[in-house]
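Heads up: the sequence shown begins at 1 in UniProt numbering, then just goes up one per residue.
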Amino acid sequence: MPANKTAYPEMPDFPRLKTDLLIAFENRVKDAGGEVFRPADAAAAQALLASQHAQAKVICSATPEITGNRDIHAVKDPHDLADVDVGVIRARLGVAENGMVWLTEEDLEVNALGFLSQHLVILLSPQAVVGDMYDAYLRIHLEDTAYGCFMMGPSATADIGAVLVHGAQGARSLSVYLLA
Numbered sequence: 001m002p003a004n005k006t007a008y009p010e011m012p013d014f015p016r017l018k019t020d021l022l023i024a025f026e027n028r029v030k031d032a033g034g035e036v037f038r039p040a041d042a043a044a045a046q047a048l049l050a051s052q053h054a055q056a057k058v059i060c061s062a063t064p065e066i067t068g069n070r071d072i073h074a075v076k077d078p079h080d081l082a083d084v085d086v087g088v089i090r091a092r093l094g095v096a097e098n099g100m101v102w103l104t105e106e107d108l109e110v111n112a113l114g115f116l117s118q119h120l121v122i123l124l125s126p127q128a129v130v131g132d133m134y135d136a137y138l139r140i141h142l143e144d145t146a147y148g149c150f151m152m153g154p155s156a157t158a159d160i161g162a163v164l165v166h167g168a169q170g171a172r173s174l175s176v177y178l179l180a
């Protein structure tokens, strides 16, 4: 039966976190190997990005608050993003219990931006942080987008010898800028 003919199940009401959501979110992002910053405004965020990634040759931004030197709207082939040093994306929401952010194809513009960039900078409104995945699923509308994903931390993988490698299958670093 097509998805539009099947009702989604009702979400049960679970007890809410009794903690500061931003502090919990920051701690989980750090646990996953990411960093969280609180720039005062878009100009401070732009300066922070320039400081963090001074060696970056290609910066591609999918949000008007931060400028880059690769126009995401000019990208016709996702492979054209293979040389992106820093991808900048505004997330719709963050989840305090695990440090994840929710990204849709509308946020990414080109889905590959979130996966081919060497480093990711995620802009997130502090008011968009929810307590847990139950809250998150109540706020996202799967029928409104053709693609969406929860992303957490930089890419990390380990081989059988337990050697941890960052960036083997995605971004080598992830920074979240809490910016309204």
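Here a beta-carbon is modelled for each residue, glycine too, at the ideal position from N, C-alpha and C. Computed from a predicted model, the values in this text were never measured in an experiment.
If the five residues before and after Glu105 are omitted, its C-beta is found closer than 8 Å to the C-beta atoms of Asn111, Thr145, Ala146, Tyr147 and Gly148, all from its own chain and listed in chain order.
Taking Phe37 as reference, the option from Asp13, Ala7 and Val121 with the minimal CA-CA separation is Val121.
The DSSP-derived three-state label of Leu179 is coil. Take Ala24, set aside five residues on each side of it, and the residues of its chain with a beta-carbon closer than 6 Å to its own are Ala96, in chain order. In the structure shown, the three-state DSSP call for Arg139 is helix.
Spatial neighbours of Tyr8 in its own chain (CB-CB distance under 8 Å, excluding positions within 5 residues in sequence) are listed in chain order as Leu142. For Val84, same chain residues with a beta-carbon under 8 Å away, outside a window of 5 residues either side, are Val58, Ile59, Cys60, Arg70, Leu113, Leu116, Ser117 and Gln118 in chain order. Non-local C-beta neighbours of Val86 in its own chain, meaning closer than 8 Å and more than five positions away in sequence, comprise Leu49, His53, Ala56, Val58, Ile59, Cys60, Gly68, Ser117, Gln118, His119, Leu120 and Val121, ordered along the chain.
Setting aside the 5 residues that flank it on each side, Ala128 is surrounded in the same chain by Arg92, Leu93 and Gly94, each with a C-beta closer than 7 Å to its C-beta; the list follows chain order.
CA-to-CA, the gap between Ala62 and His73 works out to about 8 Å.
Each residue's CA atom was taken as its position, placing Ala42 and Ile140 some 25 Å apart.
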